[in-house]
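Trainee: Position one of the sequence shown corresponds to residue 142 (the working numbering), numbered consecutively onward.
Backbone N, C-alpha and C define an ideal beta-carbon position, used for all residues, glycine too.
Values in this document were obtained by computation on a predicted structure and should not be read as measured data.
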Amino acid sequence: MKELPKEYDFKAIEGKWKNTWQTNKLYEFNKKDNAPLFVVDTPPPYVSADHLHAGHIMSYAQAEFIVRYKRMKGFNVFYPMGFDDNGLPTERFVEKKYKIDKSKITKAEFIKLCLKETEQGIETYKKLWTDLGISVDWSKTYSTIAPLPTKVSQWSLIDLYKKGVLVREEVPILWCPYCQTAISQSDIEDKERESIMNYISFPLNNNEDAVIATTRPELLPACVALYYNPEDERYKGLNDKKAVVPLFNYEIPIKTSKLVDKEKGTGIMMVCTWGDGEDLEKWRLDKLETRNLLTTDGKLNELGGKYQGLTITEARNKILEDLKESLIKQEKIIQIVNVHERCDTPVELIQSKQWFIKIADMKNVWLEYGKKIKWHPEYMYKNYEIWVNSLKWDWCVSRQRYYGVPFPFWYCNNCGEVLVATEEELPIDPTERKPKQCPKCKSNDIVPEKDVMDTWATSSCTPFLLRELGNDKHLFPVDLRPNAHEIIRTWDFYSIVKSYYHFKNIPFKNIMISGHGLDEKGKKISKRLGNYVPSDKLIEEYGADAIRYWATGASLGQNLRFNPKEIKKGKQITIKLWNVARFIQMHGISLDEDVKLEQPDLWIIEETNKTIKNTTGHFESFEYAKAKNEIEMFFMSKFADYYIEFVKYRLNDNNESKEAAKHTLNKVFTAIIKLYAPIMPFITEEIYQLNHKESIHKSQWPELINANKPDYDFEEAIQAIDEIRKYKSENKISLGKELDEYALKTKVNLDKYKEFIQKAIKVKKIK
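(1) Does the Cβ-Cβ distance between TRP507 and ILE629 come in under 8 Å?
(2) What is the DSSP secondary structure of THR572, counted as helix, strand or coil?
(3) Counting only runs that start and end within the segment 279-351, where is the alpha helix (DSSP H) found for 4 or more residues in a row?
(4) So within the segment 818-885, which uninterrupted alpha helix (DSSP H) runs reach at least 4 residues, ignoring any that extend past its ends?
(5) Rank ALA812, CYS484 and PRO547 by C-alpha distance to the C-alpha of PRO568 and give the top, closest one.
(6) Assign HIS481 to one of three DSSP states: helix, strand, or coil.
(7) Keeping to the same chain, check which residues put their C-beta closer than 7 Å to that of TRP296; ignore five residues upstream and five downstream.
(8) Once DSSP output is grouped into helix, strand and coil, what is the label at ASN458?
(9) Would you mind stating whether ALA120 and THR756 have Cβ atoms separated by less than 8 Å?
(10) Could you have a look at CYS553 and say whether DSSP puts it in helix, strand or coil?
(11) Just the C-alpha distance for THR183 and THR265, rounded to the nearest angstrom, thanks.
(12) Are the CB atoms of TRP496 and SER539 nearer to each other than 8 Å?
(13) Would you mind working out which of ASP620, PRO318 and HIS657 sits nearest PHE649, comparing C-alpha positions?
(14) If you run the structure through DSSP and keep just helix, strand and coil, what is PHE548?
(15) Quick check: is the beta carbon of GLN326 nearer than 8 Å to any beta carbon in chain B?
(16) Hey, how far is the Cα of LEU464 from the Cα of ILE474?
(17) My guess is that THR715 and LEU816 are in contact by the Cβ rule of under 8 Å, so how many angstroms apart are they, rounded?
(18) Identify the continuous alpha helix (DSSP H) that holds TYR765 and give its terminal residues.
(19) Cα-Cα, which of ASP782, GLU627 and GLU748 is closest to ALA848?
(20) Taking the straight line between their C-alpha atoms, what separation do you get for LYS878 and LYS900?
(21) Name the DSSP bridge partner or partners of MET411?
(22) Roughly how many whole angstroms lie between the Cα atoms of SER676 and ILE341?
(23) Would you list the one or two residues that DSSP bridges to THR397?
(24) Can you round the beta-carbon distance between HIS657 and LYS665 to whole angstroms, since I take them to be within the 8 Å contact cut?
(25) Report the CB separation of PHE206 from PRO623 in whole angstroms; it is logged as a contact under 8 Å.
(26) Have a look at PHE550 and GLU609 and give me their C-alpha separation to the nearest angstrom.
(27) Mapping the DSSP letters down to three states, classify TYR187 as helix, strand or coil.
(28) Is it buried or exposed for ASN370, if we count other Cβ within 10 angstroms and need 16 for buried?
(29) So, with DSSP's three-state summary, where would you put MET199?
(30) Just to confirm the assignment, what range does the alpha helix (DSSP H) spanning VAL721 have?
(31) Give the single residue among ALA202, PRO618, ASN651 and SER655 whose Cα lies nearest to the Cα of LYS639.
(32) Closest to TYR149 by CA distance: which of PHE855, ALA204, ASP892 and ILE824 is it?
(33) With burial defined as no fewer than 16 other Cβ atoms inside 10 Å of the residue's Cβ, what is the status of TYR894: buried or exposed?
(34) Short of 6 Å in beta carbon distance, which residues of its chain neighbour ASP686, apart from the five on each side in sequence? Order them along the chain.
(35) Write down the C-beta distance between PHE605 and LEU659 rounded to the nearest angstrom, noting that I regard them as a contact closer than 8 Å.
(36) Return the first residue and the last residue of the beta strand (DSSP E) that ARG622 is part of.
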């Protein structure tokens, strides 16, 4: 056995084991292994993140604690890593990095840059995860733009189309004028901003007028009706009258609806096509005129008259200037607007032909299937429930982008028939290959679908993609889906939708929700704010084990502040483990199982068994934070502060008592480093392999140690030692200095424990 050096060199040791694990392919999935499966659907991060930080470390490490635990519990773990490399995040990242306008270069040139950044992004993540000890199987990786995921995503759409739940319709849809693409309800966020409420007078056809309040005067040329509440006494008699739109001088009807809020604005509501969801509902229900005003790049079209070609902001300002007498007054307000989460641009409603998956009328099914999954923490199901109940629209899955998975469809220009690729043709780019003729009308005029899929339409396939990746049907449904709470409404929900439609099954059995990493001031760590230390610098300074220790600081679903003190505490734990290992090594290990254990030995074994039992229970519930607290309290206090001090005097003798102490030290400390192994994989591997040939991460999770129970009154002996320790501390006497005598206040069986107490705490005489 090699002798441990005095100092723990975390850089050398972490580097050594990182390379050894990779060389030995320690974490590769073995399909032939008959052990029970544990399959993890790891969240594929966007590869556009060129700077990784503690927030990334926190969310991925927390899930990986469970993975390592399950591996030690004897499961055959399937733990691949995916990367979400298609979609708007990648496109926007490339545009910003290279300072290019994708509309001014060819599609092929732009995609080439996206693929280049994808490869670099994957390497950035791979280096961090490897340095951090994230035990993924790097032989099982995928990117969502690669052939296999593309094939699975295209198969999914074909299956949904054949089942009648994927439809193509021309309807008002959510649109981002900046990104110039359709988006779905899950892509929008609420944002607070300052605005102006404008009170505008509409002339009526009876020489009166009606005043409306709006923050969007630029939509006047899209106005199609005015509404008021029929119970509002102020406006009795206005129903079925006509109003004239200021500046644009065309008539619109005045209607009633009990949904109009009498207290909002003036109580008269301007309805346009389309200002918001309320406008859309009234347009649908009352079959109002359609005046689709906005172009895809967020400008006014020909309906805007002389304002045609102006942006929304430009048109708003110009129209307000021209209103003159019709503008009664203005008020500053704070309003909540819907913005595209990718760019913070306010979203609009425009009419467009898009592909939709039916979800809005299936709320009961989505709630039922959500309840079939075990949520960790349980209360996170409520977030899912709130989202499902808020659904207003079907899921728009088509996007007007360059870089994404193409729809496997064509259209017949002659009869409008949709032509669908066969499963054998997948993956396919319909712009590169097309059917020779329409099977319905025999026309040769076939055009490809040029839209690509929403990024969630591809990543929602990961649960059943994994069975293709591992070539094993038993890999679905997966056992664990870990992710942050903000994508419950997207990745989790859409995966449930897909799995229901395809297989009438849940996609995963357990879902483990993490919070956000926060900076020291409590703000979310983000690249945009720049409020973080790069992850590689953190690992360089503190070591992976210490950073992983910090990641246990928040319970499931909770946010976690970046705290250097907690990271340093993790580093102190590694040093303590190292020093204890050196202490035990210095005195040698007793392999004799047939030793006579003394009361302190029986006591520490009993406490070890309690810790094993409680820690196991916490890991089974995915409560890694509680597991860490349980281990730490036992190791730092009961084992290091008490037991080691109890047996030091025994280790100086050559007798049976010494062998019992050495035996117990080895048994208990081996259990401790195994308990710590999921959280601190590097230090535990180094210590474990002093006496073992196999990796600790493929060893068996610690079992209860077989031993007799300690006498019930041994706790009194510990209390007596605590009393003397306190006396020494208060009188500034070293614990190693022997007292001549001490009068105990604690009740203790001195006939049994007098000699033990005297030697353990160094007192010549006890009264």
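Mentor: According to the structure data:
(1) No, the Cβ-Cβ distance between TRP507 and ILE629 is not below 8 Å.
(2) In the structure shown, THR572 sits in coil (DSSP, three-state: anything other than H, G, I, E or B).
(3) DSSP runs (the alpha helix (DSSP H)) wholly in the segment 279-351: 288-303.
(4) Counting whole runs of 4 or more residues, the segment 818-885 contains the alpha helix (DSSP H) stretches 822-829 and 855-871.
(5) Checked all of ALA812, CYS484 and PRO547; the closest Cα to PRO568 is PRO547.
(6) HIS481: strand per DSSP, three-state reduction.
(7) Once the five neighbours on either side are set aside, the close Cβ partners of TRP296 are GLU564 and LEU567.
(8) Of the three classes helix, strand and coil, the one that applies to ASN458 here is helix, per DSSP.
(9) Beyond the ends of the chain as shown, which are 142 and 908, falls residue 120; an answer cannot be given.
(10) CYS553: strand per DSSP, three-state reduction.
(11) THR265 has its alpha-carbon roughly 17 Å from the corresponding atom of THR183.
(12) The Cβ atoms of TRP496 and SER539 sit closer than 8 Å to each other.
(13) Considering only alpha carbons, the answer is ASP620.
(14) Annotated three-state conformation of PHE548 is coil, per DSSP.
(15) You won't find chain B in this structure, because it holds only one protein chain.
(16) Approximately 20 Å, taken between the alpha carbons.
(17) The Cβ separation is near 15 Å, so there is no contact.
(18) Per DSSP, TYR765 belongs to the alpha helix (DSSP H) from 765-773.
(19) Of the listed residues, the one whose Cα sits closest to ALA848 is GLU748.
(20) A direct Cα-to-Cα measurement between LYS878 and LYS900 gives close to 11 Å.
(21) Beta-bridge pairing by DSSP links MET411 to LEU367.
(22) Taking the straight line from one Cα to the other gives about 54 Å.
(23) Answer by DSSP bridge pairing, in chain order: TYR369.
(24) The pair is a contact, with the Cβ atoms about 5 Å apart (cut-off 8 Å).
(25) Actually they are not in contact, since the Cβ atoms of PHE206 and PRO623 sit about 10 Å apart, beyond 8 Å.
(26) For PHE550 and GLU609, the distance between alpha carbons rounds to 23 Å.
(27) If DSSP states are grouped into helix, strand and coil, TYR187 belongs with the strands.
(28) Classification for ASN370: buried.
(29) Here MET199 carries a helix assignment [DSSP, helix/strand/coil].
(30) Looking at the DSSP string, the run of the alpha helix (DSSP H) that includes VAL721 is 705-728.
(31) Minimum Cα distance to LYS639 is reached at PRO618.
(32) Taking only the C-alpha atoms, the option nearest TYR149 is ILE824.
(33) Classification for TYR894: buried.
(34) So the qualifying residues of the chain are THR715, MET821, PHE823 and ILE824.
(35) Distance from PHE605 to LEU659 at the Cβ level is roughly 35 Å; contact not present, criterion being Cβ atoms closer than 8 Å.
(36) From DSSP, the beta strand (DSSP E) with ARG622 extends over 619-625.
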